[in-house]
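Heads up, the numbering used here is the position in the sequence shown plus 25, with the first residue counted as 1.
Read the structure below first, then the notes.
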Amino acid sequence: MKKQKSDSFSVFGNHIAHLQELIKANLDRFTEPPIGPVGKYVTLPKEFMRFAVAIEVALKGTLRCYLVVNGQDKELLDDLKRQARCQPREAEIIIAQRCGFRYQNLEVPGGDLAAHAMCNVLNVKNDDVFNALIDVCSLESKLLFDDREVAERNVLNGPSGHFRMVQFVSEVYLPNGDKFVVREGNLAYIANKVSRRRSIICEDVESEIRGLEQHFDARQRDLQGLRLQESQLRAESTDLHLYATQEKDRVDNLSRRYHRQCTELHSLEEEFSDQQQEHTLDTTVLEGEISDVQEDLASLEARGLELRKCIAAANQDLNGPLDELEDVNAEENKIAAELNDPQRDANETYKQLTKMKSIEIMSQRQVEASQALAEQLNQHLRSIQEDRERQEKNALRLCTRPANILPRNAYEKRVKQVEHQLASAHQRLNGLSLSELKNDMELKEIKYKTKKANYDKFRQNLLQIRSMLAERKETWDRFRAAVSRRTANEFSEYMRHGDFAGKLKFRHSNECLEITVLQNEKGATSASQMTDMKELSGGERSYTQVALLLALGKITECPFRIMDEFDVFMDSVNRDMTIQLLVEAAKNESKKQFIFVTPNNLSILQQDPMVKVQTMDPPRDRERNSNAQ
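This is how it looks when you write it as structure tokens:
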């Protein structure tokens, strides 16, 4: 930006300043000095500075272009661009003619919209630059608005789907670079994807530098905050690393203790197994203890025998209560058996009651269903009666009640016929209902009106084209008649040089040409006129053809005229006369080049600076010269 502030060309590219120096050094090689960059001659007033983005989007890359007058200057400027090492998209070239004055009577929208046209907003210092922007970018048809709704209200006409722009308006731009256009009756809104504002139009480098400095300071503050966060995260990372080290040491201590305990447990297991083996093998020591235990067991058995005897004596005393207890249990079982029969009866009764209750519920449900069905049938009957009454009213409205009522099967047959006709019509209409048919008819009416409007428009255009065609054909007929008269006059003039009287008659309706030739001899009458070219001699016919070709060439704007072997069938008199006629005709039209090819001698021609004769060597001489070489 600071470089752009000191160098006014840096905004257009890094190599434009060098290119300008090369252009100044080679100005004498250009047909007209190149004009550029175009943006140097275009400025935007301060009151319209908000439209800078929109204008640069509309002009695209035209502000970086150079203007030349022809292809030769373009090639020279391309060479200078290569020397300045410009990029392919840098300093593009536009060939534009220079008229020396600014275009007038531009096709600008009328009324208040003219003030919104870009050509009336921008200040263009150079008239040729203004004309180039009009030709390339169509500035007069691009409008600028602050608000989209206001723009649509002032620019658009017609309903949605049939939008039309106001006359002489092609695009409408908003301050942020967005635009909208109308394509085939639809409104297309195109958003600007390039958000950064360039300073080619506004040339406000100071504000951009301040904005960039503020942006840089904000980024610096963000960087400092990020660095502070980084230091905090580094401190937390150090603490976490220390904590992880401590935890690792603690886990290592626990692992060592675990392994030590496992080792001690293994040693204790080995010691215990050794002790078991010692006790199992050394049984001789316990033999005395075994004998003592056996004596104790014998005494315990004797004591148990005595206890059994005492228990048997006690059991004899308990036999009476036990028998009574068994009798009570038997009585209890008998009473329980007697109680089971009433319980079974009660269960059977409960089952029957449950069954009857379910039957009652089912019957009630059937009654409710029958009542609902009866109500439904009554409603259906009422609807049928209403339908019958309505149909009867419709029938009475259409016709009177028949005196003779036909049998039912006759009406059923007629109903079937009508239903068949309805089914056929329904199938023919693709199953559309009456409402759908009405909607379809409305759509067809809209399409018909649209087609009719287009037809009327095309018919009006056709009638206008026919009138224009008739007018042009009438003009063309006048031109054709004038050209025919001029050709006939020129033909008569050329024939007069050969002592002939000639006349041409153009039969445009039959697409034929009649040639009448009369020799200027004493005593010649109209009977000596010849209208058939076959009646003329070879020389006369060739002379007549040459005169006709000269007359046709006189009205044809062609810079070259070539005739090959025009004097082949002429005698010497007609040949000399024809050659003199051709030379005089060529000299009279000095701005055109005539080439005549003939195998005959041209020694009769006198030296003339406007006539150049090139004679080829005979074939033998050409072969001899080629062999010699």
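C-beta: ideal position from N, C-alpha, C; glycine also.
Quantities reported herein were computed from a predicted structural model and do not represent experimental measurements.
Q: Enumerate in chain order the residues of its own chain whose CB-to-CB distance from T56 is below 7 Å, with the five nearest sequence positions on each side excluded.
A: Around T56: V94, N95, Q97, D98.
Q: Return the bridge partner residues of G527 from the DSSP annotation.
A: Beta-bridge partners assigned by DSSP to G527: V542.
Q: Drop a sphere of 10 angstroms on the beta-carbon of L18, count the other beta-carbons inside from all chains shown, and report buried for 16 or more, exposed for fewer.
A: This structure cannot speak to residue 18, because the chain is shown only from 26 to 654.
Q: Taking R208 as part of the beta strand (DSSP E), name the residues at either end of that continuous run.
A: Under the DSSP assignment, R208 falls in the beta strand (DSSP E) whose first and last residues are 204-208.
Q: Look up T379 in the DSSP assignment and say whether it is helix, strand or coil.
A: The answer is helix: DSSP assigns T379 an H, G or I state.
Q: Report, in whole angstroms, the separation of the C-beta atoms of G186 and G210, which I expect to be a contact under 8 Å.
A: The pair is a contact, with the Cβ atoms about 5 Å apart (cut-off 8 Å).
Q. In or out: A478 buried (at least 16 other Cβ within 10 Å) or exposed?
A. With fewer than 16 other beta carbons inside 10 angstroms of its own, A478 counts as exposed.
Q.
Counting beta carbon pairs with one atom in the segment 523-531 and one in the segment 562-573, are three or more of them shorter than 8 Å?
A. Contact annotation: the segment 562-573 touches the segment 523-531, with at least three C-beta pairs closer than 8 Å.
Q) From D264 to Q257, what does the alpha carbon distance come to, in whole angstroms? A) About 11 Å.
Q) Should M190 and L181 be called a contact, given that it needs their Cβ atoms to be closer than 8 Å? A) For M190 and L181, yes; Cβs fall inside 8 Å.
(Q) As a quick exercise: from R532, R110, I118, pick the residue whose alpha carbon is nearest that of I60. (A) With respect to the C-alpha of I60, the residue from R532, R110, I118 having the closest C-alpha is I118.
Q: State the DSSP-derived secondary structure class of M635, mapped to helix, strand or coil.
A: Here M635 carries a coil assignment [DSSP, helix/strand/coil].
Q. Quick one, are the C-beta atoms of A83 and C144 less than 8 Å apart?
A. Remark: C-beta atoms of A83 and C144 do not approach each other more closely than 8 Å.
Q) In chain order, which continuous runs of the alpha helix (DSSP H) of length 4 or greater are located wholly inside the segment 422-496? A) If we require 4 residues or more, the alpha helix (DSSP H) runs fully inside the segment 422-496 come out as 433-453.
Q.
What does the alpha-carbon distance come out to for the pair A538 and A513?
A. Strictly speaking, residue 538 in this sequence is Leu, with Ala absent from that position. Spanning the alpha carbons of L538 and A513 requires a straight line of approximately 11 Å.
**Q.** Coarse secondary structure for V310, derived from DSSP in three states
**A.** For V310, the predicted model reports a pLDDT of 49, less than 50, meaning its position is unreliable; a value from the coordinates is still stated below. Residue state, collapsed to three classes: helix.
Q: Reducing DSSP to helix, strand and coil, say where Y128 ends up.
A: Here DSSP, grouped into helix, strand and coil, assigns Y128 to coil.
Q. Which residues mark the beginning and the end of the alpha helix (DSSP H) in which M143 is found?
A. Residues 143-146.
Q) Beta-carbon separation of L164 and F76 under 8 Å? A) No. Outside cutoff.
Q) Between K71 and R497, what straight-line distance do the alpha-carbon atoms span, to the nearest angstrom? A) So the two alpha carbons sit approximately 53 Å from each other.
Q) Can a CB atom of chain D be found closer than 8 Å to the CB of F193? A) Protein chain content of the structure displayed is limited to a single chain, and chain D is not contained in it.
**Q.** Euclidean distance between Cα positions of R600 and R566
**A.** Straight across, the Cα-Cα distance linking R600 with R566 is about 12 Å.
Q: Please go through the same chain and pick out, in chain order, the residues whose beta-carbon is closer than 7 Å to the beta-carbon of R505, but skip the five residues on each side of it.
A: Its chain contains H533 as the residues whose beta carbon lies nearer than 7 Å to that of R505, once the 5 sequence neighbours on both sides are disregarded; these appear in chain order.
Q) If P584 and Q618 are in contact, beta carbons under 8 Å, what's the gap, nearest whole angstrom? A) P584 to Q618, Cβ: 6 Å. Contact.
Q. For S166, is the classification buried or exposed, using 16 other Cβ atoms within 10 angstroms of its Cβ as the cut-off for buried?
A. The residue is buried, with at least 16 neighbouring Cβ atoms inside 10 Å.
Q: Return the CA-CA distance between L630 and E590, expressed in angstroms with no decimal places.
A: Going from the Cα of L630 to the Cα of E590 covers about 17 Å.
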